[in-house]
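Colleague:
2 protein chains.
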Amino acid sequence: MDDSCMPSCPLCDKVFHYQALSAGELVWEFGHSIAFLGPWQYYPGYCIVVARKHITELFEISSAERSALMDEVAEMAEAIHQIVKPRKINYEWLGNQVPHMHWHLFPRQENDPNKLKAVWVELEDIESNPEKKARMEFCERGRDKLIQRLRGCLNKSN
Amino acid sequence: MDDSCMPSCPLCDKVFHYQALSAGELVWEFGHSIAFLGPWQYYPGYCIVVARKHITELFEISSAERSALMDEVAEMAEAIHQIVKPRKINYEWLGNQVPHMHWHLFPRQENDPNKLKAVWVELEDIESNPEKKARMEFCERGRDKLIQRLRGCLNKSN
Numbered sequence: 020m021d022d023s024c025m026p027s028c029p030l031c032d033k034v035f036h037y038q039a040l041s042a043g044e045l046v047w048e049f050g051h052s053i054a055f056l057g058p059w060q061y062y063p064g065y066c067i068v069v070a071r072k073h074i075t076e077l078f079e080i081s082s083a084e085r086s087a088l089m090d091e092v093a094e095m096a097e098a099i100h101q102i103v104k105p106r107k108i109n110y111e112w113l114g115n116q117v118p119h120m121h122w123h124l125f126p127r128q129e130n131d132p133n134k135l136k137a138v139w140v141e142l143e144d145i146e147s148n149p150e151k152k153a154r155m156e157f158c159e160r161g162r163d164k165l166i167q168r169l170r171g172c173l174n175k176s177n
Numbered sequence: 020m021d022d023s024c025m026p027s028c029p030l031c032d033k034v035f036h037y038q039a040l041s042a043g044e045l046v047w048e049f050g051h052s053i054a055f056l057g058p059w060q061y062y063p064g065y066c067i068v069v070a071r072k073h074i075t076e077l078f079e080i081s082s083a084e085r086s087a088l089m090d091e092v093a094e095m096a097e098a099i100h101q102i103v104k105p106r107k108i109n110y111e112w113l114g115n116q117v118p119h120m121h122w123h124l125f126p127r128q129e130n131d132p133n134k135l136k137a138v139w140v141e142l143e144d145i146e147s148n149p150e151k152k153a154r155m156e157f158c159e160r161g162r163d164k165l166i167q168r169l170r171g172c173l174n175k176s177n
């Protein structure tokens with residue numbers, strides 16, 4: 020790890036070792052961030068853009084660095100938009116569990132369950148809800164194809 | 020309204036008429052956005068930064084415009100951070116109900132209920148939960164003072 024890493028941060032660890040990840044996870048290597056396909060695909064196309072550096076608030080970095088990072092988030096969002104054609108993308112960096120900058124990009128579709136609410140409300144009872152569990156398992160099957168299509172889209176724009 | 024407004028968009032309407040809003044709502048007029056104190060203060064210091072233009076996805080605008088907007092979001096977040104000293108700020112632009120760019124900035128404290136989860140999970144049952152309703156009402160009292168303190172902070176940096 021280099022100077023910008025925090026030894027106890029799981030996302031510092033992830034971006035440092037990302038090349039060892041399975042093919043079903045890494046989507047794109049940007050200059051300031053790495054994009055991963057979300058660990059679950061209840062909302063197909065869900066990606067996470069993780070900053071390479073350990074940044075914990077938006078105001079900690081220079082305007083130039085923030086701009087470069089947000090350009091990458093926007094580029095990833097555009098690729099998702101082209102592939103899964105959502106009605107809207109939700110952009111979220113919460114950091115309640117892991118503060119290291121990571122933008123959740125959730126493509127939201129017209130026929131999403133609970134479409135007017137945040138994804139966290141829908142997912143809260145997933146462990147006890149067989150219908151939701153079934154959707155989660157079904158959506159999981161498309162991971163590899165999704166990654167290939169997202170990469171194809173990013174390849175064209177880079 | 021000007022060319023960048025959508026007639027049926029409630030946030031276009033809000034930013035166009037913001038000067039007519041009550042003193043307990045407007046926090047700051049930025050060049051590309053207007054910051055409002057959140058309509059409820061369950062998380063004291065919660066603000067919403069609304070783009071002046073009708074933007075519905077991060078990739079719709081130029082890098083320069085995105086950068087200017089995100090600088091304003093960062094500046095608002097820094098002021099919130101200085102005033103309420105949270106453990107983390109949640110940055111969220113969902114747009115499920117109103118797509119027009121508006122960043123929710125939720126300061127999250129160490130003693131927050133459900134501190135590891137998104138605010139939407141905590142708030143989902145508020146109408147039927149007297150304890151949560153009481154917290155909401157209690158936090159509502161500090162609006163005017165919060166706005167004054169946030170403005171004082173932004174005044175110093177502008």
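Heads up: the sequence lines are chains X and U, in that order.
Using my numbering, read the first sequence as starting at 20 and increasing by one per residue.
Using my numbering, read the second sequence as starting at 20 and increasing by one per residue.
Ideal Cβ placement from N, Cα and C applies to all residues, glycine included.
Select from X:E76, X:H123, X:Q128, X:Y61 the residue whose C-alpha is nearest the C-alpha of N115 of chain U.
Modeller: Among X:E76, X:H123, X:Q128, X:Y61, the Cα nearest to that of N115 of chain U belongs to X:Q128.
Colleague: Compute the Euclidean distance between the alpha carbons of A96 of chain X and F49 of chain U, then round it to the nearest angstrom.
Modeller: So the two alpha carbons sit approximately 25 angstroms from each other.
Colleague: Give me the Cα-Cα distance between Y61 of chain X and E84 of chain X, rounded to the nearest whole angstrom.
Modeller: Straight-line Cα distance between these residues: approximately 32 angstroms.
Colleague: What is the DSSP secondary structure of S27 of chain X, reduced to helix, strand or coil?
Modeller: Here S27 of chain X sits in coil by DSSP.
Colleague: Mind checking E146 of chain X: buried by the 16 CB within 10 Å criterion, or exposed?
Modeller: Its Cβ having fewer than 16 others within 10 Å, E146 of chain X is exposed.
Colleague: DSSP has H123 of chain X in a bridge; who is on the other side?
Modeller: The partner list for H123 of chain X (beta bridge, DSSP) reads X:I67, X:E111.
Colleague: State the start and end residues of the unbroken alpha helix (DSSP H) segment that holds F78 of chain X.
Modeller: That residue, F78 of chain X, is in no alpha helix (DSSP H); it is neither H nor E in DSSP.
Colleague: For K175 of chain U, count neighbouring Cβ atoms within 10 angstroms of its own Cβ and tell me buried if that reaches 16, exposed if not.
Modeller: With fewer than 16 other Cβ atoms within 10 Å, it is exposed.
Colleague: Should E91 of chain U and V68 of chain U be called a contact, given that it needs their Cβ atoms to be closer than 9 angstroms?
Modeller: For E91 of chain U and V68 of chain U, yes; Cβs fall inside 9 angstroms.
Colleague: Quick check on this structure: which residue in U:K107, U:Q167, U:R168, U:H121 has the alpha carbon closest to the alpha carbon of S180 of chain U?
Modeller: Because residue 180 of chain U is not part of the residues shown, which for chain U are 20 to 177, the question remains open.
Colleague: Look at the alpha carbon of A137 of chain X and the alpha carbon of Q167 of chain U, and state the distance between them as a whole number of angstroms.
Modeller: Computed Cα separation, rounded: 31 angstroms.
Colleague: Going by the beta-carbon positions, is the gap between Y110 of chain X and L56 of chain U smaller than 9 angstroms?
Modeller: Contact flag unset, no.
Colleague: So who's on the other strand from S52 of chain U, going by DSSP bridges?
Modeller: DSSP lists U:A70 as partners of S52 of chain U.
Colleague: Suppose contacts are defined by Cβ-Cβ distances below 9 angstroms. Is L169 of chain X in contact with I102 of chain X by that definition?
Modeller: Yes, the pair counts as a contact, with Cβ atoms nearer than the cut-off.
Colleague: Looking only at C-alpha atoms, which of U:W139, U:W59, U:E141, U:L135 sits nearest to K107 of chain U?
Modeller: It is U:L135 whose Cα lies nearest to the Cα of K107 of chain U.
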